[in-house]
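First to last, the sequence lines map onto chains A and B.
Numbers in the numbering used here are just positions in the first sequence, counted from 1, shifted up by 1208.
Numbers in the numbering used here are just positions in the second sequence, counted from 1, shifted up by 1208.
Before any comments, here is the structure.
Number of protein chains: 2
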Amino acid sequence: MTEHLSTAEENYIKSIYHLQQSESVVSTNEVAARLNTKAASVTDMLKRLNSKQVIHYEKYKGVSLSIEGEKIAIDIIRKHRLWEYFLVEKLQFKWDEVHEIAEELEHISSKQLVERLDNYLGYPKFDPHGDPIPDSKGHIQFQEQISLTDLTIEKPATVSAVVGSQSSELLELLTHKNIGIGTRIVIKRKFSYDNSMEIETNDNCTFTISKELAMALFVR
Amino acid sequence: MTEHLSTAEENYIKSIYHLQQSESVVSTNEVAARLNTKAASVTDMLKRLNSKQVIHYEKYKGVSLSIEGEKIAIDIIRKHRLWEYFLVEKLQFKWDEVHEIAEELEHISSKQLVERLDNYLGYPKFDPHGDPIPDSKGHIQFQEQISLTDLTIEKPATVSAVVGSQSSELLELLTHKNIGIGTRIVIKRKFSYDNSMEIETNDNCTFTISKELAMALFVR
DNA sequence: TAAATAATTTAGATTCGCCTAAATTTTTAT
DNA sequence: ATAAAAATTTAGGCGAATCTAAATTATTTA
């Protein structure tokens, strides 16, 4: 299929894939920002990737992945998330320590390695951050939003929505607790007496939230 | 300590380390041959590594590793062999399938990853090829030579010496069986009737050798 | 809609790691 | 010991991936 891609090329493809989740066509500047590089460098690379058929690119018109490019992106993400799972489940890393290491491991090329790792790990469906792990055919499990109330204990999740987020009282509370869209949450304990729960967030804070607040937070 | 080395730089250091096992000073051409590259490229790189203090190098005088360089080499070898052990023990690869993959994995930089992997694997002392795995302080277990006669069944080993290798009859036999210093051997079966044994080598050949030949071969 | 601003691309350098061909140094052999 | 051979280095170039500064195109706004 594809000859061989450099680490840099793979990182561009991955970035474009992630940026495409919100808008289908991605700008040069957005890629530059995500990769901490300069727009001129991005233009250079887009030309190269375009000639390799992994993206659709026209001057001044933005970029999107080709079918081939999307396959490559999903494959990299699969590797990244499987390695993260490995690091947490087998090597006892904390879920917030593994990203950097997985950024390196995701570029290891052996197909066989990935398949065997997947098998060894028991074909996990979600990584330690709660993100879905694509299967060997590139299929990604649809991920529903659920109320934080219904989240399994110890299973990390990401805040994806806040119901009633127009209320300033709620916002005040969220600001105080430093919770927002994208905040990673793990439930450490649930107290049945008042349905409050102890949670741990991104920034390694552990504290208790009320049933009312938990009901307002949606996670995936 | 060391800022950061590229994969290419690490590979040069590793090659020089291995070549130094036989002769303490290594030539440009030897490095070129080992890395499948050209002498001119090696000269380039030696200049760079010299300025980074990881080697001792003088024009036309050959190269050797500095103390720092040796530490780096041992660290890379440690990673390589731990990953090989992981691939065979945990992911069920065959011992002759893992080298290439480990060549990639050995460049993953996280110190913590290596330590945790080592712990997870139970601090193995030898890799699946029978080579010693340096510990976290860089100490390498001394490996005695034993006669092939005394080698445990199924335990891979490397031919490290041939007693009576001046005899042309022995050489004739060794040449015919394609066995020499460095040949990897695994004993598959031992026959007590005549103390002959069935062995498997490097090149995936399986055949029987006599007690006399086994006694002449020393392995580690 | 025309000017100002923002986004993007081009032009021209730089570093890394490699190459070939030519020059130089070292080693070997006569 | 000197000529021939082998090893090594230098010179000059190339592609990948980056950069800055300048030019160009697109978008916004007055």
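Backbone N, C-alpha and C define an ideal beta-carbon position, used for all residues, glycine too.
Legend: CB atoms of the region 1309–1324 of chain B lying less than 7 Å from CB atoms of chain A belong to residues ILE1309, GLU1312, LEU1313, ILE1316, SER1317, SER1318, LEU1321 and ARG1324. Contacts with chain A at 8 Å (Cβ-Cβ) include TYR1328 of chain B. In this structure, VAL1427 of chain B places its C-beta atom within 8 Å of the C-beta atom of ILE1393 of chain B. From the listed residues B:LEU1299, B:GLY1270 and B:LYS1287, the smallest Cα separation to GLY1346 of chain B is found for B:LYS1287. The straight-line gap separating the alpha-carbon atoms of ILE1395 of chain B and GLY1277 of chain B is approximately 36 Å. For LEU1299 of chain B, the nearest CB of chain A lies under 8 Å from its own CB, placing it at the interface with that chain. In the same chain as THR1360 of chain A, and ignoring 5 residues on each side of it, no C-beta atom comes closer than 7 Å to its own. Just so you know, the alpha carbons of LEU1356 of chain B and ALA1422 of chain B end up roughly 5 Å apart.
Counting of Cβ neighbours within 10 angstroms places ILE1389 of chain A among the exposed residues, the total staying below 16. With contacts defined as CB atoms closer than 8 Å, SER1272 of chain A and ILE1263 of chain A qualify as a contacting pair. Assignment of beta-bridge partners to HIS1264 of chain B by DSSP yields B:SER1272. Its Cα nearest to that of VAL1367 of chain A, the residue A:ILE1407 stands out among A:ILE1407, A:SER1232 and A:LEU1254. Straight through space, the alpha carbons of GLU1297 of chain B and ASP1252 of chain A are spaced by roughly 44 Å. Between the alpha carbons of ASN1403 of chain A and SER1376 of chain A lies a gap of roughly 23 Å. Contact annotation: PRO1336 of chain B and PRO1364 of chain B have beta-carbon atoms nearer than 8 Å. For GLU1218 of chain A, the secondary structure class from DSSP, reduced to helix, strand or coil, is helix. For SER1376 of chain B, the secondary structure class from DSSP, reduced to helix, strand or coil, is helix. DSSP places SER1318 of chain A in the coil class of the three-state scheme, outside both helix and strand. Here LYS1319 of chain A is exposed. Its C-beta has fewer than 16 other C-beta atoms within 10 Å. With a cutoff of 8 Å on beta-carbon distance, VAL1370 of chain A and LEU1425 of chain A are scored as near each other. In this structure, VAL1239 of chain B lies away from ILE1221 of chain B, with their beta-carbon atoms at least 8 Å apart.
Counting only the Cα atoms, LEU1321 of chain A lies some 8 Å from LEU1295 of chain B. Counting of Cβ neighbours within 10 angstroms places PHE1399 of chain A among the exposed residues, the total staying below 16. With respect to TYR1328 of chain A, LEU1299 of chain B sits close: the two C-beta atoms are nearer than 8 Å.
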